[in-house]
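In the numbering used here, the protein residues as written are 1 to 123.
Set out below in structure tokens:
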């Protein structure tokens, strides 16, 4: 799939829109389960990074050309414009924190995760 054919979203399933510098959005994966049905296709967010903390269940998480089978707890960070997606089993949930690029520099100074490249950690 070419980079141009991969959809851009505000949050999964919603069209891109302008963001304030300090924009922060928090929701669970289950909150959008009626849209993705456990299969989130490859997509990207052009103006924000996402931290995902898997709190229950298991699945497969994909970032660019890499993938990981995981069981909660697990955490990932995906910078803006990085292609990602996942497949999860029933009962799997996570907290997804989406942060505007403009706010990431302030957060990066206090983060244990590097916020300049994709990260996935489990176990």
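From the three backbone atoms N, C-alpha and C, an ideal C-beta is built for every residue, glycine too.
To which residues of the same chain is residue 100 closer than 8 Å at the C-beta, ignoring the five residues directly before and after it?
-> In the chain shown, counting from the first residue as 1, residue 100 sits at position 100. Hits under 8 Å: 19, 20, 21, 22, 23, 24, 47, 48.
At least three beta-carbon pairs within less than 8 Å, the segment 54 to 65 to the segment 103 to 117: no
Integer-rounded CB distance, given that residue 63 should sit under 8 Å from residue 75 = Position 75 of the chain shown holds residue 75. Position 63 of the chain shown holds residue 63. So it is not a contact: roughly 12 Å between Cβ atoms.
Checklist line | Coarse secondary structure for residue 36, derived from DSSP in three states | finding: Here residue 36 corresponds to residue number 36 of the chain shown, with the count starting at 1. Helix at residue 36.
Query - DSSP three-state assignment for residue 108, whether helix, strand or coil - result: Here residue 108 refers to the residue found at position 108 of the chain shown. Residue state, collapsed to three classes: helix.
**Study point:** Under the three-state DSSP convention, the category residue 113 falls into
**Key:** Residue mapping note: residue 113 aligns to position 113 of the chain shown, counting from 1. Three-state result, residue 113: coil.
* Asked: In angstroms, rounded to a whole number, what distance separates the CA positions of residue 109 and residue 115?
  -> Translated into positions along the chain shown, residue 109 becomes position 109. Translated into positions along the chain shown, residue 115 becomes position 115. Those two C-alpha atoms are separated by around 9 Å.
Where in the segment 20 to 92 do unbroken runs of the alpha helix (DSSP H), each at least 4 residues long, occur, reported from the N-terminal end onward? 33 to 36
*Closest residue to residue 65 among 80, 58, 72, 85 (Cα-Cα distance)*: In the chain shown, counting from the first residue as 1, residue 65 sits at position 65. Here the closest residue by C-alpha is 85.
- Hey, is residue 118's beta-carbon within less than 8 Å of any beta-carbon in chain D? Protein chain content of the structure displayed is limited to a single chain, and chain D is not contained in it.
Within a Cβ cutoff of 6 Å, which residues of the same chain sit near residue 155, ignoring the five residues on either side of it in sequence?
The structure shown does not extend to residue 155, since the chain is modelled only from 1 to 123, so the question has no answer here.
task: Out of 58, 113, 98, 29, point me to the one whose CA is closest to residue 80's CA.
output: Here the question's residue 80 lines up with position 80 in the chain shown. Of 58, 113, 98, 29, the residue nearest in Cα terms is 98.
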